[in-house]
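2 protein chains.
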Amino acid sequence: MRVGALWCRLILPLLILSSPFSRAEDGYDLWLRYQELPAEWRSANAKSLRSLVAPQNPSPTLAAARDELSRGLRGLLGEEVRLNEKAGRGALLIGTPASSPLIAGLDLPLGDLGNEGYVIRSVEIGGRAATAIAANSDIGVLYGTFHFLRLLQTRQPLVDLAIESRPSVQLRLLNHWDNLDGSVERGYAGQSLWDWWKLPDYRDPRYTDYARANASLGINGTVLNNVNTNANSLTPGYIAKTAALAEVFRPYGIRVYLSARFSAPVEIGSLETADPRDPAVRDWWKAKVDEIYKAIPDFGGFLVKANSEGQPGPQDYGRSHAEGANMLAEALRPHGGAVMWRAFVYSDVNPEDRAKQAYSEFQPLDGQFADNVLLQVKNGPIDFQPREPFHPLFGAMPSTPLMMEFQITKEYLGFATHLVYVGPLYEEVLDADTCQPSLLVGAAAGRDRPQIEANGRSYNNEESSCGNGATVARVIDGSLHNYSRTGVAGVANIGRDRNWSGSIFNQANWYVFGRLAWNPDLGAQEIAEEWLKMTFTADKQFVDAAAEMMMRSREAAVDYMTPLGLAHLMGTDHHYGPAPWVSELPQPEWNPVYYHRADKNGIGFDRTAEGSDAVAQYAPPVAGRFGSRAKIPEEYLLWFHHLPWDYTTSSGRILWEELVHRYDRGVGEVEAMQATWAELKPFVDPERFAETDSFLRIQQREARWWRDASIAYFREVSGCKLPAGVRPPEHSLEHYRSISFPRSLGQPGG
Amino acid sequence: MRVGALWCRLILPLLILSSPFSRAEDGYDLWLRYQELPAEWRSANAKSLRSLVAPQNPSPTLAAARDELSRGLRGLLGEEVRLNEKAGRGALLIGTPASSPLIAGLDLPLGDLGNEGYVIRSVEIGGRAATAIAANSDIGVLYGTFHFLRLLQTRQPLVDLAIESRPSVQLRLLNHWDNLDGSVERGYAGQSLWDWWKLPDYRDPRYTDYARANASLGINGTVLNNVNTNANSLTPGYIAKTAALAEVFRPYGIRVYLSARFSAPVEIGSLETADPRDPAVRDWWKAKVDEIYKAIPDFGGFLVKANSEGQPGPQDYGRSHAEGANMLAEALRPHGGAVMWRAFVYSDVNPEDRAKQAYSEFQPLDGQFADNVLLQVKNGPIDFQPREPFHPLFGAMPSTPLMMEFQITKEYLGFATHLVYVGPLYEEVLDADTCQPSLLVGAAAGRDRPQIEANGRSYNNEESSCGNGATVARVIDGSLHNYSRTGVAGVANIGRDRNWSGSIFNQANWYVFGRLAWNPDLGAQEIAEEWLKMTFTADKQFVDAAAEMMMRSREAAVDYMTPLGLAHLMGTDHHYGPAPWVSELPQPEWNPVYYHRADKNGIGFDRTAEGSDAVAQYAPPVAGRFGSRAKIPEEYLLWFHHLPWDYTTSSGRILWEELVHRYDRGVGEVEAMQATWAELKPFVDPERFAETDSFLRIQQREARWWRDASIAYFREVSGCKLPAGVRPPEHSLEHYRSISFPRSLGQPGG
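Chains as they are written, first to last, in UniProt numbering: chain A, 1 to 750; chain B, 1 to 750.
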């Protein structure tokens, strides 16, 4: 045996690398690559992995956990791990107390883990060392399994394990903006994964890999269709197709949800109204929901974009958002389903600062929503810009569960080709201090919720409510306001492209979303390192350099696109490339000039009390900070203040010079990323090296384009001269204005 | 070594099958799978494959041939074949006399092979047995290499080889109906392969695999964009992107072509007209063509859809198709480029039988086209229907090179999910006897072309001109009329789906197109068997049963969709599913009722002399046969004749009963295919088995739908009763009429 094994160890890798079986590194495996670990690690830890003991007659979920372990260990260790019934020395046990007498006998501390948590423990069974992955539920075991595999992939030692984990947030969802015709709004990774045409008959094996990848992060739900939705997704044919997907996803703990079109009773029912007060409308929704649950017993519920950007909604009938949401909630409640109602609204007639409108609309409704409604709020008050302050609704609706809506797909961040790791963006938002009165102590201890005042304006204007941990993360995990329901949604960047996300590095954005949804307190840096180790190599030299590149990438994009708190300066419709000059679109707030307000005298949007007073939507200490030129962090400066071009910034440079400086810094960062990547060539396979190398070349050119076009425009508007030594824009402003994309990617209505 | 090798032979397959390296059988490898051959074959033939001798400092094309051999032999033999400089016993030599002194020394009979042919010969070098793959050109060597690998894949013995092959047709092209926005008109395999957004910077490795697959069939050109074209493809940005693709394809002998929009001088130039007589227009095209050739020195030329279905063309300016084509030809001639001008025209005002219009328009222009123009003619006079008679232009334009346009994508044949092998359709068309006076003898001997009368009507009405081999194949390969240019085009079924063609069996349609383009005299059956062996397994039991299923599949589709010469009965726009009732579209010839003309008294389109006289466009013997109820082959019956419902067919059944019989036969054939496939399960991997199994289930349900809806409709129109024992349609006619596809796949303007 030894001779044979030796030969195989020498020859096998050769054959695998060079045979037609070895596919190019196309990114399909994501972070679940299970490449063989170094011999040292294996010899040090092999004693903990002598056999695998899984429950007999496992549920589909436990079978998935067992199979994932088999697959993972086979790849990571380079050999099969025996599947045993009894726990010998070095056994790896998985199961719940109910499914495994061995696990039950260990008397593990599962009490606090809830329905999704797990423990990974070094244990002894009959005096023999073993490892247990245990949970109260099968899905907890699967989550623990992926955690355990991650330990191996990141080369942790398997000794003295005492890991406990449970998710901080209940609903951890992807939002697919996928249309029934296969296009994906703001999708840059090919067509929709969902092959509606071939469903329900054909279940692409890829659906299972999608479920595996999500389960590995703890994502437990997916909204299959675009919020700009088509009522046809609620017709019987599409319900059957959705049910087929739900069956594939179910063993992986992933429930399906649908975006519901508010006017569906008119469009696919026979009704003449969708008025939520109309009994026929309510009955139609109840019958429709019953029909869905008959096909999908664990259906999750509806996501709704109503009265927003042309979508129908309750206001079409003079009803409030709460009335609309509550009607759907009523239909879903008997089945345990939830409504996620989006707060992303702005009016086509309301002259109020767009940044204020969602708060103005929804904050007064606090307490009016049914108990199975969550309000889904984007991270910032405008729309997924490279940087926005946190949304003022966070902390301001103590009686309404607020879900976070992050965007994973890079609508405003260079589509698939720019390398922008959004971990720092998410972290910045989650860590933001709302300075709202904290309920943390009470919530943590499970005490009753004290009565608090709903309107931020009535709080006193002291800093005492800051620094107490009342961060956005604590709103989202429910602890600040003792929410009974919690959730985080991410607008998916997943498509049918082989690498799922349009680029290898975009996979990190899916990854960081899932990891933070499970635990909002993780750091973007540690997640980046984890992802790099699993996706490329654990070599420290590579991981350190690549993680630094990732961590700096978001600030680079802010700098070359919209530095100093600028926002929404991108091209119309496609949202790609600079267009700060656009001023002629019919709705004022569609125009970049609405946001930057630059003229001869200055630049920026005055949202202080002298301006739109958007600052007043924040808790007073925050309002005080944002409203003060002196106190505001400079990265938000022009979001809240209109300032003269010669305003002196903290660097000592005047505003105009600082702006130019930041544009240059952004381009420089991209060039540094190129240099870093070039140095990392020895660590990366040729295919993935070439992809990133090509994309960085695109990014460099386009960072320059953003910088040059923006400087050319603001120079003209301001009448300022380029600071000495600054490279002038490559082309004329006219040139940049003339660039058009007759047909870009991912546009609505595609 | 032996012990190790033995262990590896036992353990390796296990590891490969079960390791994370073994990907699911997703069809990506197409027919180039290079699976390890059985031990018997290897031991019998190993002596012919001891080493590989390739030219030193090879051209990119010779390097591709060498690398493909290395890759293929490694997979097929399970071990590396040594790359040698000298030819020992059992060497495999590749090269041209110019690149390889060894090949030059063999004095092989390369004289008749032209620029693309090759020989594969068992030879002796210094008394040692060897094998040579040789050609006059590097691309011939690559083609020979793929042929040689095919010998192995289909398990031919490598003894006494004396193979010579050269293509019968010069231009063997794919036509991609791919739009710049990534959609594919009539595409059912996902988005366009061409990622225009990331080009030219990023060259997806898949482009190379596309080139390999095409080169393996001898396909030597590709039209990248839709014939319903967008002038933007001729702008500098897109020319650069096209040039990047051309660079990838060049080593594989594949030239790129573009569909050209006739009105481009107006749309992207600054001109006010696209009149081909306008000197500025002519200059614009010359400059544009010069610009293209500067970026792509071996650019192939333009494909043009003009004055057809709304596309612009010379008739917009009162000029003929010949004038339009010749203007473009003039611009291309200095560079060696060609114009392929499509004959697919029908007017929105002309009341003439649509089946006649292309002939009426183009036949009188014979002899008026420049010598670098080919007229591209669809296989039948309407539009890629499940069955049409051959196009009457074939044989009727002796002074104008006619190219064949086949459709590979299954616009009218069940999209991706119906299993319909189009080999028999292509074969039927190529084998059709035009009964035109033959020039075969003269052409074969290279003699001058005798003067012949251009207009078919003047031929005498005798059968003597039939049976002389004046088939459509001889028109296409140029031998009938001694064409100086020849070509075959296939409308591609290729998209970004992992399996390239939307289903595994659709790959066979790409394959058979390529093989017949090289040699129109191959049989559809032998090609099916070859493809099955390369794609699945060479097991005779599998190949026999699967080939029979494939060979019968096209007739099955004819039967369940449009039996007895019916045509164009499909749903509007999407072309999926039955809609014989459609009668209200504004242009008469868009309506199915225009084609079947069914009423209480009968069914069929009278194209005899009493009717539209379309028969007269064929040579008199063909016209005589098609025009006679007694002589016409029954599969064309209702294409040419309007007949009463009680007309007695050759089976003895009246027409109505025969129609119902054929619908039933079609459904029965699909059910037989399902049964066959179920029996073949042991021969097929689970993934590909499941895919085909699911798709056959869809096909069975939809064959039934076609049958039921058609019978329900014709029963109502005719007033006939269902024959005794015949299963009534499952639903009412109203039900079938109500089925709609709000958004189907592959529609124009998508």
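For glycine and all other residues, C-beta sits at the position ideal for the given N, C-alpha and C.
Within-8 Å CB hit, residue i to chain B
i, result
"Leu745 of chain A", "yes"
"Tyr202 of chain A", "yes"
"Phe683 of chain A", "no"
"Ser738 of chain A", "no"
"Ile698 of chain A", "yes"
"Glu734 of chain A", "no"
"Arg2 of chain A", "The predicted position of Arg2 of chain A is uncertain, since its pLDDT is 43 and thus under 50; a value taken from the coordinates is nonetheless stated next. No, no contact with chain B."
"Ser694 of chain A", "yes"
"Arg496 of chain A", "yes"
"Glu267 of chain A", "no"
"Glu687 of chain A", "yes"
"Glu185 of chain A", "no"
Within chain A, partners of residue i - CB distance below 7 Å
i, result
"Thr242 of chain B", "Within 7 Å Cβ-Cβ: nothing; Thr242 of chain B doesn't reach chain A, min ~16 Å."
"Ala24 of chain B", "Pro205"
Minimum Cβ-Cβ distance from residue i to chain A less than 8 Å
i, result
"Asn226 of chain B", "no"
"Thr417 of chain B", "yes"
"Arg447 of chain B", "Since pLDDT at Arg447 of chain B reaches only 33, below the 50 mark, its modelled position is unreliable, and no value is offered."
"Gln451 of chain B", "Because the pLDDT of Gln451 of chain B is 37, which lies under 50, any placement of that residue in the model is unreliable, and the question is left without a value."
First through last residue of the alpha helix (DSSP H) which encompasses residue i
i, result
"Thr208 of chain B", "Pro205 to Leu217"
"Phe640 of chain B", "Leu637 to Phe640"
"Asn509 of chain A", "Gln507 to Trp518"
"Glu730 of chain B", "Note, Glu730 of chain B: premise wrong, no alpha helix (DSSP H); not H, not E."
"Asn326 of chain B", "His321 to Leu332"
"Arg701 of chain B", "Pro686 to Ser718"
"Ser264 of chain A", "One detail in the question is off: residue 264 of chain A reads as Ala in this sequence, not Ser. Ala264 of chain A -> alpha helix (DSSP H) spans Ala264 to Glu267."
Interface residues of chain B facing residue i [CB-CB closer than 8 Å]
i, result
"Thr145 of chain A", "Here the premise fails: no neighbours, minimum Cβ distance about 15 Å."
"Glu691 of chain A", "Tyr202"
heavy atom of the ligand PLP below 7 Å from residue i C-beta
i, result
"Arg704 of chain B", "Although the ligand PLP was asked about, the structure shown includes no ligands whatsoever."
Cutoff 8 Å: residue i Cβ touching any chain C Cβ
i, result
"Arg629 of chain A", "The structure shown contains no chain C; the protein chains it does contain are A and B."
Residue i: first and last residue of the uninterrupted beta strand (DSSP E) it sits in
i, result
"Phe406 of chain B", "Leu402 to Gln407"
"Gly666 of chain B", "Looking at the DSSP string, Gly666 of chain B is not in any beta strand (DSSP E); the run it does join, the alpha helix (DSSP H), is Leu655 to Glu679."
"Leu564 of chain B", "Note, Leu564 of chain B: premise wrong, no beta strand (DSSP E); not H, not E."
"Tyr257 of chain B", "Arg255 to Ser259"
"Thr131 of chain A", "Arg128 to Ala134"
Requested in this report: Check distances from the C-beta atoms of the region 187-221 of chain A to those of chain B and list, in chain order, the residues that come in under 7 Å.
Outcome: Gly190, Gln191, Trp197, Lys198, Asp201, Tyr202 and Pro205
Requested in this report: Take every Cβ of the region 505-522 of chain B, pair it with every Cβ of the region 707-723 of chain B, and state whether three or more of those distances are shorter than 8 Å.
Outcome: no
Query raised in the report: Do the region 297-305 of chain A and the region 251-262 of chain A touch if we need at least three Cβ pairs shorter than 8 Å?
Result: yes
Query raised in the report: Should the region 595-603 of chain B be regarded as contacting the region 565-581 of chain B, the criterion being three or more beta carbon pairs within less than 8 Å?
Result: yes
Report task. Check whether the region 131-141 of chain A touches the region 486-498 of chain A, counting contact only when three or more Cβ pairs, one atom from each stretch, lie closer than 8 Å. Result -> no
Query raised in the report: Does the count of Cβ pairs from the region 365-372 of chain A and the region 530-548 of chain A closer than 8 Å reach three?
Result: no
Query raised in the report: Are the region 465-480 of chain B and the region 504-514 of chain B in contact at 8 Å, needing three or more beta carbon pairs?
Result: no
Query raised in the report: Is the region 90-100 of chain B touching the region 45-59 of chain B in the sense that three or more CB pairs, one from each, lie closer than 8 Å?
Result: yes
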